[in-house]
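Read the structure below first, then the notes.
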Amino acid sequence: MTNQLTRHKQEIRKQNVFYPNRISADLILGSANFPSNHAWSKSSIIPKVGVLFVVICFLLYVLWGTLDVTIADCTECNFSDETVHARLNESYLVCNEVPADHRVFVHDRALRDYQALPMIYFVTPTYPRREQIPELIRLAYTLLHVPRIHWILANDLKACNAYIDGLLKRFDLETKVRFAHHSFILGLPFTHLASPMPEFYRRKKPMPRGVANRRAAIQWLRQRNITNGILYFGDDDNTYDLKLFSEIRDTQRVSMFPVGLIEEYSVSGPVVRKGKVVGFLDSWVAERRWPVDMAGFATNLAYMAEYPNASMPYKPGYEEDLFLRSIRLNLNIIEPKANNCTEILVWHTQTKNRERTTLRISNKYLDDRSNLGTLIKSLDVMGIANSSDNEGRRAVISKNGKAKPLSYFLS
Ligand code: UGA
Ligand code: MN
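Last residue of the sequence shown: 411 in UniProt numbering, with the numbers rising by one and none dropped.
Shown next, in the form of structure tokens:
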């Protein structure tokens, strides 16, 4: 769990600083280490170098055979077609699919007024941690204001989470039933997937966050032959301006726009000149051709369908770049949005992650004599906190500023 909580782009950044002048720097260092007037004569160097070469080759050969050789994240490698086109074959579960929009109004308009708009497929990877449910509730309430949207919520878990399923349905049918007399009926179309990250990648440091989920969502779209509409990767912890949705909705091929609060510059996005994207402002270049954040672009599904090998490889830090390479993006076709990339309509907000809490509270008091039993049980199903008779932080109950034993209230 703690592994999951570390911010991986920052980790990669530390491991993998980009030196634009690295080659020339190496040359300078090299010449300093081996001055031309070295004590060794040329004839004595050659056999020594030869022996050294053979020894190094032998060592490398032995290492190759005994170690699990993995290619580290590199700033200097060219990605093979195989990496770029890593085939999609995720195993995922479809927990629930509700394609119908049960809302009657969105903003001040009846739902049918929006029928002609292209659908936005909003793909959200999510994973179990203490903050998951509050993040999803916040995002759900944003999406409820967006017409013609289908929320693909892909959870990084082997099984379907019944609580999340209930939550999504609450945004759908139950809400309609409960608040049927109100005009602001909710009822978002959604698909709930269980798309666990393969164990192999979970053990990696850094690990590719949210990739299995996005790959599963792409597969889901493909399996249903959905080649109309807009694909957008919206993480569960970002902040979305409603204007973003009307901006990306008319994406013809690939649109791009700035994302606020990214790393050292506090922003990442295209540089636009005369209405054209000419470069990128992002503090982590690392030889990425498309140094953009996941939330900084949208893709038209008809355009994507032209590239049957479109994929997102498990390559930490390079997910966006390699996805955009897999759909053969080129600079000329990028559509700048957000008023020629002058406005920030999406923010890379990050919630502080903390370990799930254990409350020390005697189980004998967690019954229906008070609200506490139900309250703590619900925190437990949400993955936020649990209770224990003898472990964790003592739960202090007070009255008039004084701590009291639970027996005081409940006996
Ligand atoms: C940044 C980018 O904004 C992400 O779009 C990108 O996926 C990520 O880096 C990356 O390059 O891997 P960051 O805030 O560092 O995101 O990462 P998180 O927000 O923790 O994770 C990104 C998404 O993946 C979230 O929606 C999160 O819920 C999900 N995730 C994370 C999982 O599904 N499983 C995990 O184990 C961790
Ligand atoms: Mn995030």
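Built from N, CA and C at the ideal position, the CB exists for glycine as well.
Taking S255 as the reference, which of V271, F297, G269 has the closest Cα? F297
Pull the bridge partners of M256 from the DSSP assignment, please. F297, P336
Residues that K360 bridges to, as DSSP identifies them: At residue 360 the sequence reads Arg, which differs from the Lys that was named. According to DSSP, R360 bridges with S388, R394.
Going by alpha carbons, who is nearest to K274 out of V123, L329, P336, A305? P336
Give me, in chain order, the residues of the same chain whose beta-carbon lies closer than 7 Å to that of L93; leave out the 5 immediate sequence neighbours on both sides. C160, L193, A194
Between which residues of its own chain and L324 is the CB-CB distance below 6 Å, once the five residues before and five after are set aside? W290
Extract the residue ranges of the beta strand (DSSP E) inside the region 104-180, only unbroken runs of 3 or more that lie entirely within it. 120-126, 149-155
Completely contained alpha helix (DSSP H) runs for the region 198-231, where each covers 4 or more residues: 199-202, 211-223
What residue range does the beta strand (DSSP E) around E264 cover? It is not in any beta strand (DSSP E) - E264 carries neither H nor E in the DSSP assignment.
Could you name the residues of the same chain whose beta carbon sits closer than 6 Å to that of T124, not counting the 5 residues immediately before and after it, in chain order? L153, G234, D236
Tell me L193's beta-bridge partners as DSSP assigns them. V94, A154
Could you spell out where the alpha helix (DSSP H) holding G373 opens and where it closes? 372-381
Taking C-alpha atoms, which residue in Y265, R224, V98 lies nearest to K169? V98
Who pairs with V272 in a beta bridge, going by DSSP? V277
Please state if the CB of I230 and the CB of P118 are separated by a distance shorter than 7 Å. yes
With 16 other CB atoms within 10 Å as the buried threshold, where does Q132 fall? buried
Go through its chain and collect everything with a Cβ distance to N390's Cβ below 8 Å, but skip five positions before and after it. R360
Let me know the secondary structure DSSP gives K48 once reduced to three states. helix
State the DSSP-derived secondary structure class of K243, mapped to helix, strand or coil. helix
Could you check if A310 is buried or exposed, using at least 16 other CB atoms within 10 Å of its CB as the buried criterion? buried
Using C-beta distances below 6 Å, list every residue in its chain close to P134, excluding the 5 sequence neighbours before and after it, in chain order. none
For the beta strand (DSSP E) containing K404, name the first residue and the last one. 402-404
For P258, is the beta carbon positioned less than 6 Å from some heavy atom of ligand 1? no
With respect to 6 Å, is the separation between the Cβ of D237 and the closest non-hydrogen atom of ligand 1 below this value? yes
Kindly indicate the opening and closing residues of the alpha helix (DSSP H) around L322. 319-326
I want to check one thing, is the minimum distance from the CB of E131 to the heavy atoms of ligand 1 below 6 Å? no
DSSP-derived helix/strand/coil call for V55: helix
Could you tell me if Y141 is buried or exposed, where buried requires 16 or more neighbouring beta carbons within 10 angstroms of its beta carbon? exposed
What do you reckon, is the C-beta of N225 under 6 Å from a heavy atom of ligand 1? no
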